[in-house]
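Chemist:
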Amino acid sequence: MVIKRYLKTIFYTLKITEALALFRERLAFYLSKSEIDFYFKKIISHYFDLEATTLALTPNHVFESQEVKQLKEVLSDLEKQKPLQYILGEADFYHYTFKVSEDVLIPRPETAELIEWVKESYSDTQKTLSLLDIGTGSGCIAVSLALANANFKVYALDKFQHALNIAKENAINLEAKVSFFKHDITQNFQWETPLDSIVSNPPYLISNEKKQMRPNVLDYEPYSALFTPDKNPIYFYEKIVSFAQLYLKKNGYIFFEINPTFVKSIVSLLEENSYSNIEIRKDAYGKERMIKAIKN
Ligand SMILES: C[S@@+](CC[C@H](N)C(=O)[O-])C[C@H]1O[C@@H](n2cnc3c(N)ncnc32)[C@H](O)[C@@H]1O
């Protein structure tokens, strides 16, 4: 009996179709079939270098015992609703793959739209421009901007060293020139370089939004990257605007990713601080998600 069990663990193999069926069965409680299939293809590509077409072209492909062990570990993490990006240690964002860990927010597709907006705002400019990403996290905004236009001189800051470590690794891996700084935007600090643009996707959720959030976000993503004080949801925007009063050049731009619920308060904040040409853009889901304004 013991030997039989031992042999089973050593020689346990699984056909690719059986493995997929197992994933579909065990994850159906929170993922749709198409999500599971998408995840499965990502996993077999990441760990075993198998093309997504393997499923259709060689349905008899067999995973050996070590591979089955690996698949089961991933499946067990997914059952706990751990985001796939944290399991794989990487996330696709904009045109690149970024290293991620539970120290940083998983970059979201909405944020890529903000990068496009910055890029398009400077498409006619040939001069060197200084841009600062506040709350850089994985560095996804800063690195993507640095790679988007050779005229962008990109700076990035975050309060947390463990996030900055990931961001720096991403800049090195993707060969982007970004200068990183550890600063808390809620505190006063000296900044050396006058800025042409400030770009930020600061924490913008309040606690009553937790009800609509899936456990994969709430249980795994860093609280300090997601949540703003309930008593002042635009707290980080206020701090960034105060910083911009000192260090953003006249006619410089502010680009914010925003919580659609607080769009009016953020527009008022910008108007009170004499910003003009305030534009709001919607994300792919039709939600007001981004703001651009010019400092007068
Ligand atoms: C919503 S996340 C954005 C991360 C990344 N820029 C992105 O778009 O995926 C907000 C970031 O702000 C950082 N942060 C939170 N409080 C901060 C503070 N007081 N000063 C500077 N950065 C802060 C968090 O560590 C986190 O990386």
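In my numbering, the protein residues as written are 1 to 296.
Using N, Cα and C, we set each Cβ at its ideal position, and we do this for glycine too.
Does ligand 3 have a heavy atom nearer than 8 Å to the CB of Arg108?
Modeler: Ligands in the displayed structure: ligand 1; ligand 3 is not one of them.
Chemist: If you reduce the DSSP assignment to three classes, tell me which class Ala293 lands in.
Modeler: Stepping through the sequence shown from its first residue, residue 293 is reached at position 293. Ala293 falls in the strand class under three-state DSSP.
Chemist: So, under 8 Å CB-CB, Pro203 and Phe180 are touching, yes? Tell me the CB distance rounded to an integer number of Å.
Modeler: Working through the sequence shown from its first residue, we reach residue 203 at position 203. Working through the sequence shown from its first residue, we reach residue 180 at position 180. The pair is not a contact, with the Cβ atoms about 19 Å apart (cut-off 8 Å).
Chemist: Check whether the Cβ atoms of Ile266 and Glu279 sit closer than 9 Å, and answer yes or no.
Modeler: The sequence position of residue 266 within the sequence shown is 266, counting from 1. The sequence position of residue 279 within the sequence shown is 279, counting from 1. Cβ distance not < 9 Å, so Ile266 and Glu279 don't count as in contact.
Chemist: Among the residues of its own chain, which have a CB less than 7 Å from the CB of Glu221, if the five just before and after it don't count?
Modeler: To locate residue 221, count along the sequence shown from 1; it is residue 221. Same-chain partners within the cutoff: Leu105 and Ile106.
Chemist: Can you tell me whether DSSP reads Ser101 as helix, strand or coil?
Modeler: On the sequence shown, residue 101 is found 101 positions in, with the first residue counted as 1. Looking at Ser101 - three-state DSSP - the assignment turns out to be coil, as it is neither helix nor strand.
Chemist: Pick helix, strand or coil for Arg281, following the three-state DSSP scheme.
Modeler: In the sequence shown, the residue the question calls residue 281 occupies position 281. If DSSP states are grouped into helix, strand and coil, Arg281 belongs with the strands.
Chemist: In whole angstroms, give me the CA-to-CA distance for Glu120 and Thr128.
Modeler: Numbered from 1 along the sequence shown, position 120 holds the residue referred to as residue 120. Numbered from 1 along the sequence shown, position 128 holds the residue referred to as residue 128. Going by the C-alpha atoms only, they are around 15 Å apart.
Chemist: Where does Asn232 sit, in a helix, a strand or coil, going by DSSP?
Modeler: Along the sequence shown, read from residue 1 onward, the residue named residue 232 stands at position 232. Asn232: coil per DSSP, three-state reduction.
Chemist: If you draw a straight line from the alpha carbon of His95 to that of Leu114, how long is it in whole angstroms?
Modeler: Counted from its first residue, the sequence shown places residue 95 at position 95. Counted from its first residue, the sequence shown places residue 114 at position 114. So the alpha carbons of these two residues sit roughly 14 Å apart.
Chemist: Looking only at its own chain, which residues have a Cβ that is under 6 Å from the Cβ of Tyr247, when we skip the five neighbours before and after it?
Modeler: Translated into the one-based positions of the sequence shown, residue 247 becomes position 247. So the list reads Trp191 and Leu195, once near-sequence residues are dropped.
Chemist: Report, in whole angstroms, the separation of the C-beta atoms of Pro260 and Gln81, which I expect to be a contact under 8 Å.
Modeler: Within the sequence shown, residue 260 is the residue found at index 260, counting from 1. Within the sequence shown, residue 81 is the residue found at index 81, counting from 1. Actually they do not touch by this definition, with Cβ atoms about 25 Å apart.
Chemist: So what's Leu174 in DSSP terms, helix, strand or just coil?
Modeler: For this step, residue 174 is matched to residue 174 along the sequence shown. DSSP places Leu174 in coil when its eight states are reduced to three.
Chemist: Along the beta strand (DSSP E) that carries Asp353, what are the first and last residues, could you check?
Modeler: Past the boundaries of the shown model lies residue 353; the chain is included only from 1 to 296, so the question cannot be answered.
Chemist: Which of the three DSSP states, helix, strand or coil, is assigned to Tyr253?
Modeler: Here residue 253 corresponds to residue number 253 of the sequence shown, with the count starting at 1. DSSP places Tyr253 in strand when its eight states are reduced to three.
Chemist: Indicate the three-state DSSP secondary structure (helix, strand or coil) for Ser276 in the structure shown.
Modeler: Here residue 276 refers to the residue found at position 276 of the sequence shown. Three-state DSSP puts Ser276 in a strand.
Chemist: Should Lys153 be counted as a contact of ligand 1 given a C-beta to heavy atom distance under 8 Å?
Modeler: Position 153 of the sequence shown, counting from 1, holds the residue named residue 153. False, no ligand heavy atom lies under 8 Å from that Cβ.
Chemist: Could you tell me which whole beta strand (DSSP E) segments of length 3 or greater appear in the stretch 129-177?
Modeler: 129-134 and 152-158
Chemist: Can we count Val68 as close to ligand 1, meaning its CB is less than 8 Å from some heavy atom?
Modeler: Taking the first residue of the sequence shown as position 1, residue 68 is located at position 68. Proximity of the beta carbon of Val68 to ligand 1 is not indicated: no heavy atom of the ligand is located closer than 8 Å.
Chemist: Take Asn149 and list the residues in its own chain whose beta-carbon comes closer than 7 Å to its own, dropping the five residues that flank it on each side.
Modeler: The sequence position of residue 149 within the sequence shown is 149, counting from 1. Closer than 7 Å at Cβ, skipping near neighbours: Lys119 and Tyr122.
Chemist: Leu114 lies in the alpha helix (DSSP H); which residues open and close that run?
Modeler: Stepping through the sequence shown from its first residue, residue 114 is reached at position 114. Note, Leu114: alpha helix (DSSP H), Pro109 to Ser121.
Chemist: Go through its chain and collect everything with a Cβ distance to Ala171's Cβ below 7 Å, but skip five positions before and after it.
Modeler: Here residue 171 refers to the residue found at position 171 when the sequence shown is read from its first residue. Setting aside the 5 residues that flank it on each side, Ala171 is surrounded in the same chain by Gly139, Val143 and Val178, each with a C-beta closer than 7 Å to its C-beta; the list follows chain order.
Chemist: Thinking Thr13 and Val74 are a contact (beta carbons under 8 Å), I'd like their distance in whole angstroms, please.
Modeler: Locating residue 13 in the sequence shown gives position 13, counting from the first residue. Locating residue 74 in the sequence shown gives position 74, counting from the first residue. The Cβ separation is near 17 Å, so there is no contact.
Chemist: To which residues of the same chain is Ala52 closer than 6 Å at the C-beta, ignoring the five residues directly before and after it?
Modeler: On the sequence shown, position 52 is the one that residue 52 refers to. Excluding sequence neighbours, Ala52 sits near Lys41.
Chemist: Return the chain-ordered list of same chain residues with a C-beta closer than 6 Å to the C-beta of Thr17, the five sequence neighbours on each side being excluded.
Modeler: As a first step, residue 17 is located in the sequence shown; it is residue number 17 there, counting from the start. The answer, listed in chain order, is Pro59.
Chemist: Checking 9 Å against the spacing of the C-beta atoms, do Ala156 and Leu132 come in under that value?
Modeler: Numbered from its first residue, the sequence shown carries residue 156 at position 156. Numbered from its first residue, the sequence shown carries residue 132 at position 132. For Ala156 and Leu132, yes; Cβs fall inside 9 Å.
Chemist: Tell me which same chain residues have a C-beta within less than 6 Å of the C-beta of Asn296, skipping the five on either side of it?
Modeler: Sequence index remark: in the sequence shown, residue 296 carries index 296 (1-based). Excluding positions up to five away in sequence, the list reads Ser274 and Ser276.
Chemist: When you compare only the Cα positions, how much space is there between Leu50 and Asn232?
Modeler: Stepping through the sequence shown from its first residue, residue 50 is reached at position 50. Stepping through the sequence shown from its first residue, residue 232 is reached at position 232. Going from the Cα of Leu50 to the Cα of Asn232 covers about 49 Å.
Chemist: Report yes if the C-beta distance between Arg289 and Glu238 is below 9 Å; otherwise report no.
Modeler: Position 289 of the sequence shown, counted from the first residue, corresponds to residue 289. Position 238 of the sequence shown, counted from the first residue, corresponds to residue 238. No, Cβ-Cβ distance for Arg289 and Glu238 is not below 9 Å.
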